[in-house]
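Data first, discussion second: the structure below is written as structure tokens.
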Amino acid sequence: MQGSPRCIAAVGTVYASTGPFVEVLKLEGRFDMSEAAHPRTLFEKLWDNHVVHAEEGRQTILYIDLHLVHEVTSPQAFEGLRLAGRQVRRPELTIATADHNVPTSDRSLPILDPISKQQIDTLSNNCKEFGVKYYDLNDVRQGIVHVIGPEMGYTQPGMTIVCGDSHTSTHGAFGALAFGIGTSEVEHVLATQTLLQYKPKTLELRVDGQVGRGVTAKDIVLYLIGQISTSGGTGYCVEYTGEAIRALTMENRMTVCNMSIEAGARAGMIAPDEVTYEYLKGREFVPADFDAAVAKWRKLPSDEGATYDKSLVYDAANIAPQITWGTNPGQVTSVDKKVPMPAEFSDETEQKTTALALEYMGLNGGESLTDIKLDRVFIGSCTNARIEDLRAAAAVAKGHKVAGSVSAMVVPGSGQVKKQAEEEGLDQVFKEAGFDWREAGCSMCLAMNPDKLDPGERCASTSNRNFEGRQGKGGRTHLVSPEMAAAAAVAGHFVDVREWN
Amino acid sequence: MNAFTTHAGKVVSLDRANVDTDQIIPKQFLKRIERTGFGEFLFWDWARRDDGTLNMAFELNRPEAAGASILLTRRNFGSGSSREHAPWALEDYGFRVIVAPSFADIFYNNCFKNGLLPIPLSEEQIEELFQRAAKHEGYQLTADLEKQTLTDEHGFTASFEVEPFRRHCLMNGLDDIALTLEQVDKIDAFEAARA
Chain F
1 MQGSPRCIAA VGTVYASTGP FVEVLKLEGR FDMSEAAHPR TLFEKLWDNH VVHAEEGRQT
61 ILYIDLHLVH EVTSPQAFEG LRLAGRQVRR PELTIATADH NVPTSDRSLP ILDPISKQQI
121 DTLSNNCKEF GVKYYDLNDV RQGIVHVIGP EMGYTQPGMT IVCGDSHTST HGAFGALAFG
181 IGTSEVEHVL ATQTLLQYKP KTLELRVDGQ VGRGVTAKDI VLYLIGQIST SGGTGYCVEY
241 TGEAIRALTM ENRMTVCNMS IEAGARAGMI APDEVTYEYL KGREFVPADF DAAVAKWRKL
301 PSDEGATYDK SLVYDAANIA PQITWGTNPG QVTSVDKKVP MPAEFSDETE QKTTALALEY
361 MGLNGGESLT DIKLDRVFIG SCTNARIEDL RAAAAVAKGH KVAGSVSAMV VPGSGQVKKQ
421 AEEEGLDQVF KEAGFDWREA GCSMCLAMNP DKLDPGERCA STSNRNFEGR QGKGGRTHLV
481 SPEMAAAAAV AGHFVDVREW N
Chain E
1001 MNAFTTHAGK VVSLDRANVD TDQIIPKQFL KRIERTGFGE FLFWDWARRD DGTLNMAFEL
1061 NRPEAAGASI LLTRRNFGSG SSREHAPWAL EDYGFRVIVA PSFADIFYNN CFKNGLLPIP
1121 LSEEQIEELF QRAAKHEGYQ LTADLEKQTL TDEHGFTASF EVEPFRRHCL MNGLDDIALT
1181 LEQVDKIDAF EAARA
């Protein structure tokens, strides 16, 4: 996409596959593949640990440890079970909440959209009928399914986790194999607690060095998508490695893994470490014998000498705050750059795609990104609505006022995030600055609820997709970090947050 | 699920890359709790003007596209959201085959669960098909899943890849859940071993 990739290692050449570990095993004469006769990646260990049945020429039956369910992609699956007279095989490994459709206004009021209400009621009734734990709208633990799973400690290293939602990749931040599935597969998991899968290839995305001030996890992942494009990860499970990834907090790691799907990869993961264990300790649903669990989790990271099908290496120092300018997340560039023009691309399809995107976005190409004025700002979504995201945005907004031309809203990722933010006084910071402070949900990330853009409105958004109409028909979305979004809300146009005081 | 062996049908060209599932079926139609009836909402924001009337400039709305059952399009089709409503809408609209240089993973997988055949060909082959579709009025293709070929009446022949097991299931309209439940003793054993 943006010129040639800064790739310093070509396919399959990064790590030598012979190391002392392999030699020792050979001397002992152990060649059982399932017992690590060769150094394995994190992904390979997770895969091997969950194979129920593998047969030549068929899809592998893979066991699923945790199934997350929401209101939009599950009603047809439950209906399928009913029609076939089937039960949920392991209801205790299944949790549900409503997030996509829920209003983010006062929870004491009824849901006005009757079809949204029906879908949410259907989930509630299905959960009752099939014995699945449901976090309803009045539960403080309700929220975006990818925020509440980790928050309650359901999400753990070494697990296989699925959900009828492509951003399930978020949970890979814990060293889990987590990916989105379709509704037919939701039904399959409900009925069998397994999935039929082909083994994906592995892609290592390594980010060496340290990012500069004002450069966040969101910028890292947007930069990577810009480098490999929205189909660069198709057919792969990504593992993010390197110093810049290791340095991230748990919540930052979730932001990175969340957008693996925007690079085309169903799953993205980061090996668990002390940061992971520290985050999980004391959460409601972690194993009772936590130390024993940690001892097991410590064996998960990729072995020394393990190889990936493909490895790409980047330098964190090259990453600036990112802004998408087009209608897919790969159409992204640095804040200090200009919007590209179609002629800058050599590939004919890219030229056409760019021209269509610029037309939709109301841009000519050649504009400085910091000259782009905004109508709306959305801080929220499973990408960037956890407490650290809100703290970061509040730190930028504190003591400022949202520009008169801008309407800005903050939608916490869960009831618990909202509660904690209010305990820390972040809601006051936002409200004093002129931001609208809302209840938890997916909200204007996909605009299924009443929060949406009007045609032609331009929005700086911390969400994950800038597709045409994603935030409302005719709406124009620019994806950015929470810090960049907050600064843009105040200035009324994009600014380089590295220069923010 | 409908079985798929061969399908001959009219082609409609959609000359866009990275068509995401938000375009295939926009979010306002995901509130339904049924699995059917999504066809009329296919590509809604492109197919309709703001007042809800048909946008006749949109490829699928042109008179010559009427009755098309094979969608010819560009790379990375079906990216984005995992919504199975996308293949439901395509199938309900009348499509049985989608031909493109590449497909997004989740969408590709969802097609096979719904009797839709996604056919990946090279960029060059796709370009050739776009040209042929523009040249021949009522252009038709025949997809043969058993032979794994896509042909026209003017000498075009391409073979395509599909995993043998997926092909087998689609050709026989097999129910994945029933297939897996044949191995239920292995699931029981797996759970017992971990308990």
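Residue numbers (this note's numbering), protein chains in the order written: chain F, 1 to 501; chain E, 1001 to 1195.
We treat Cβ as the ideally placed atom computed from N, Cα and C, and that holds for glycine.
> How many whole angstroms separate the CB atoms of residue 314 of chain F and residue 227 of chain F, which I take to be in contact at a CB cut-off of 8 Å?
Replying inline: 7 Å
>> If you measure between the beta carbons of residue 62 of chain F and residue 159 of chain F, is that distance less than 8 Å?
In response: No, Cβ-Cβ distance for residue 62 of chain F and residue 159 of chain F is not below 8 Å.
>> Tell me the residue span of the beta strand (DSSP E) that contains residue 315 of chain F.
In response: 310-315
> residue 459 of chain F lies in the beta strand (DSSP E); which residues open and close that run?
Replying inline: 458-461
>> Buried or exposed, going by whether 16 or more other CB atoms sit within 10 Å of the CB of residue 114 of chain F?
In response: exposed
> Between the stretch 1026-1038 of chain E and chain F, which residues of the former have a C-beta closer than 8 Å to a C-beta of the latter?
Replying inline: 1026, 1027, 1028, 1030, 1031, 1032, 1033, 1034 and 1035
>> Taking CB distances under 8 Å as the criterion, tell me whether residue 467 of chain F reaches chain E.
In response: At least one chain E Cβ lies under 8 Å of residue 467 of chain F.
> With burial defined as no fewer than 16 other Cβ atoms inside 10 Å of the residue's Cβ, what is the status of residue 112 of chain F: buried or exposed?
Replying inline: exposed
> What residues in the stretch 1178-1193 of chain E bring their beta carbon closer than 9 Å to a beta carbon of chain F?
Replying inline: 1178, 1179, 1180, 1181, 1183, 1184, 1186, 1187, 1189, 1190 and 1191
>> Here's a check: name, in chain order, each residue in its chain whose Cβ is nearer than 6 Å to the Cβ of residue 497 of chain F, leaving out the five neighbours to either side.
In response: 214, 321, 483, 484 and 487
>> Only counting the same chain, and skipping five residues up and downstream in sequence, which positions put a Cβ closer than 8 Å to that of residue 400 of chain F?
In response: So the list reads 433 and 490, once near-sequence residues are dropped.
> For chain E, is any of its Cβ atoms less than 8 Å away from the one on residue 258 of chain F?
Replying inline: no
>> Considering just the uninterrupted stretch of the beta strand (DSSP E) at residue 409 of chain F, what are its terminal residues?
In response: 407-410
> Rounded to a whole number of angstroms, what is the C-alpha to C-alpha distance between residue 451 of chain F and residue 332 of chain F?
Replying inline: 25 Å
> Between which two residues does the alpha helix (DSSP H) containing residue 486 of chain F stretch?
Replying inline: 482-491
> What are the start and end residues of the beta strand (DSSP E) that includes residue 378 of chain F?
Replying inline: 376-379
>> At the level of alpha carbons, what is the spacing between residue 1055 of chain E and residue 410 of chain F?
In response: 36 Å
>> Taking 8 Å as the threshold (beta carbon to beta carbon), is residue 446 of chain F in contact with chain E?
In response: Output row for residue 446 of chain F: interface = yes.
> In three-state terms, what does DSSP make of residue 1020 of chain E?
Replying inline: When secondary structure is reduced to three states using DSSP, residue 1020 of chain E falls in the strand class.
> DSSP beta-bridge partners for residue 268 of chain F?
Replying inline: Paired residues: F:238.
>> According to DSSP, simplified to helix, strand and coil, what is residue 188 of chain F?
In response: helix
> For a contact meaning CB atoms closer than 9 Å, what does residue 324 of chain F contact in chain E?
Replying inline: Chain E residues near residue 324 of chain F: none, gap ~13 Å exceeds 9 Å.
>> Which complete alpha helix (DSSP H) runs does the stretch 1027-1070 of chain E hold, if anything under 4 residues is left out?
In response: 1044-1047
>> Judging by CA-CA distance, which residue of F:168, F:133 and F:284 is the nearest neighbour of residue 144 of chain F?
In response: F:168
> Residues in the stretch 1161-1172 of chain E with C-beta within 7 Å of chain F's C-beta atoms, listed in sequence order?
Replying inline: 1163, 1164 and 1165
>> Beta-carbon within less than 8 Å of residue 32 of chain F's beta-carbon, same chain only, minus the 5 sequence neighbours each way: which residues are those?
In response: Annotation note: pLDDT 39 at residue 32 of chain F (below 50); position unreliable, no value reported.
> Quick one: does residue 312 of chain F have its CB under 8 Å from some CB of chain E?
Replying inline: no
>> Which residue marks the beginning of the beta strand (DSSP E) containing residue 382 of chain F, and which one marks its end?
In response: From DSSP, residue 382 of chain F is part of no beta strand (DSSP E); its letter is neither H nor E.
>> Extract the residue ranges of the alpha helix (DSSP H) inside the stretch 111-199 of chain F, only unbroken runs of 4 or more that lie entirely within it.
In response: 114-130, 145-151 and 183-192
> Near residue 1035 of chain E, what residues of its chain come up, given a Cβ to Cβ distance below 7 Å and the 5 sequence neighbours on each side ignored?
Replying inline: Setting aside the 5 residues that flank it on each side, residue 1035 of chain E is surrounded in the same chain by 1088, each with a C-beta closer than 7 Å to its C-beta; the list follows chain order.
> To which residues does DSSP link residue 436 of chain F through a beta bridge?
Replying inline: F:409
>> Quick check: residue 1103 of chain E and residue 1078 of chain E, are their CB atoms within less than 8 Å of each other?
In response: yes
> Considering only C-alpha positions, which residue in the set F:238, F:74 and F:307 is nearest to residue 41 of chain F?
Replying inline: Per the Cα distances, F:307.
> Do the CB positions of residue 1108 of chain E and residue 1118 of chain E come within less than 8 Å of each other?
Replying inline: Annotated as proximal: residue 1108 of chain E and residue 1118 of chain E, with beta-carbon spacing under 8 Å.
> So residue 1012 of chain E is in the beta strand (DSSP E); what residue range does that whole segment cover?
Replying inline: 1006-1014
> Among F:398, F:247 and F:156, which has the Cα closest to the Cα of residue 283 of chain F?
Replying inline: Checking every option, the nearest Cα to that of residue 283 of chain F belongs to F:156.
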